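Since the structure comes first, as structure tokens, the remarks are kept for the end.
Chains as they are written, first to last, in the working numbering: chain A, 1 to 193; chain B, 1001 to 1175.
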């Protein structure tokens, strides 16, 4: 506790004015620490799509409503998602990890699944982010070759990407399986396999 | 006593292995050195998948061209009038019904975004009036919206257009 600490410090310094300085110093330090955590306020109303920085690698959702791209606008390379209908940016928690560059985003039909390439431990991995559960999943855990340019199908089941497995760029298709929740439009009939 | 305990790791192993055989898994498409399948002796780049169609570019015929592979019927689809020998094509994208394909093309030092209609077998330059570098086009699965990068203001910006090339009414659209 800080009062114990300042008591200890004041025990070292018999001068009461010094212990007062220490107490103020700790107080100020705490204030700066707390204020640094405050997040920036997002403006309301229509927001401009482009910035003064590079906005690259656009990907549209299947219904054409969402636009994901790589932007350098916040001082770091990150994937942002823009709502073309409402003209604003989505706030996505857990999409952009610290210390990794994310690139090549793609979206499923309603933008539920976001697939992108990231190199978390220095090797490229394909990450699937589910907006419904707000969770990320590494799809290429244990894959033994260099890879790039992933792209998810509109229904969210297949992911196609480039692989260096044969010593040149070839294509590989990943099937997420029959048990995943497909990204289908609202109100469409569900066919059981 | 010993036998009962040795059963545990076996059960553990079988359950572990059987879970590995499931999903997600990689699909096996035939590799054809003659260039009639998905993968060939050339390089295959920039893939996109929609509605069972895999669109990509490949240099298998000596020019970087656009190819569409029908994953259900396991064959390449003919794209009459799309590729030319003196054009470098890149970054293709396809609509879910397989009708519309957008791609970037570099011809005589100018970059353009083309929209190809498989029904009419015609392609159209969507960036005819843009005096700037363009790249990385994409089309939505419903085929109605197209987005690509323009290098007009000294950095890359994103332009969203409809199928006729008209920009959508989005604030911050580069002019």
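Beta carbons: idealized from backbone N, C-alpha and C, even for Gly. Everything numeric in this text was worked out from a predicted model, so none of it was measured.
Cross-strand partners of residue i (DSSP beta bridge)
i	result
residue 1138 of chain B	B:1147
residue 1065 of chain B	B:1058
residue 1053 of chain B	B:1050 and B:1070
residue 89 of chain A	A:82
residue 161 of chain A	A:172
residue 68 of chain A	A:59 and A:81
residue 148 of chain A	A:162
residue 100 of chain A	Bridge partners of residue 100 of chain A: none, in fact.
residue 1110 of chain B	B:1107
Helix, strand or coil at residue i [DSSP, three-state]
i	result
residue 114 of chain A	strand
residue 23 of chain A	helix
residue 169 of chain A	coil
residue 9 of chain A	With a pLDDT of 48 at residue 9 of chain A, under the threshold of 50, the predicted position of this residue should be treated as unreliable, and no value is reported.
residue 1076 of chain B	strand
residue 28 of chain A	helix
residue 186 of chain A	coil
residue 957 of chain B	Nothing can be reported for residue 957 of chain B: it is not among the residues displayed for chain B, which extend from 1001 to 1175.
residue 1124 of chain B	strand
residue 1090 of chain B	strand
residue 1100 of chain B	strand
residue 129 of chain A	strand
residue 53 of chain A	coil
residue 136 of chain A	strand
Contact with chain B by residue i, beta-carbon distance below 8 Å
i	result
residue 81 of chain A	no
residue 116 of chain A	no
residue 53 of chain A	yes
residue 84 of chain A	yes
residue 183 of chain A	no
residue 40 of chain A	In this prediction, residue 40 of chain A scores a pLDDT of 49, lower than 50, which makes its location untrustworthy; no coordinate-derived value is stated.
residue 112 of chain A	no
residue 74 of chain A	no
Burial state of residue i, where buried means 16 or more other Cβ atoms lie within 10 Å
i	result
residue 177 of chain A	exposed
residue 193 of chain A	The pLDDT assigned to residue 193 of chain A is 49, lower than 50, so where the model puts this residue is not dependable; a value taken from the coordinates is nonetheless given after this. Exposed, since its Cβ has fewer than 16 Cβ neighbours within 10 Å.
residue 173 of chain A	buried
residue 1078 of chain B	exposed
residue 1127 of chain B	buried
residue 29 of chain A	exposed
residue 1092 of chain B	buried
residue 1169 of chain B	exposed
residue 251 of chain A	With chain A represented from 1 up to 193, any question about residue 251 of chain A goes unanswered, as that position is not in the structure.
residue 1123 of chain B	buried
residue 1027 of chain B	exposed
residue 1023 of chain B	exposed
residue 1060 of chain B	buried
residue 74 of chain A	exposed
residue 141 of chain A	exposed
residue 20 of chain A	exposed
C-beta neighbour in chain A for residue i, strict 8 Å
i	result
residue 1049 of chain B	yes
residue 1025 of chain B	yes
residue 1174 of chain B	yes
residue 1131 of chain B	no
residue 1177 of chain B	Residue 1177 of chain B cannot be examined here, being either before or after the span of chain B that is shown, 1001 to 1175.
residue 1121 of chain B	no
residue 1134 of chain B	no
residue 1141 of chain B	yes
residue 1158 of chain B	yes
Taking contact to mean at least 3 C-beta pairs separated by less than 8 Å, is the segment 146-158 of chain A in contact with the segment 1033-1041 of chain B?
-> no
Pair every Cβ in the segment 119-126 of chain A with every Cβ in the segment 74-81 of chain A, then say whether three or more of these pairs are closer than 8 Å.
-> no
Three CB pairs or more closer than 8 Å across the segment 104-111 of chain A and the segment 1144-1153 of chain B = no
Any 3 or more C-beta pairs closer than 8 Å across the segment 1069-1088 of chain B and the segment 1118-1125 of chain B = yes
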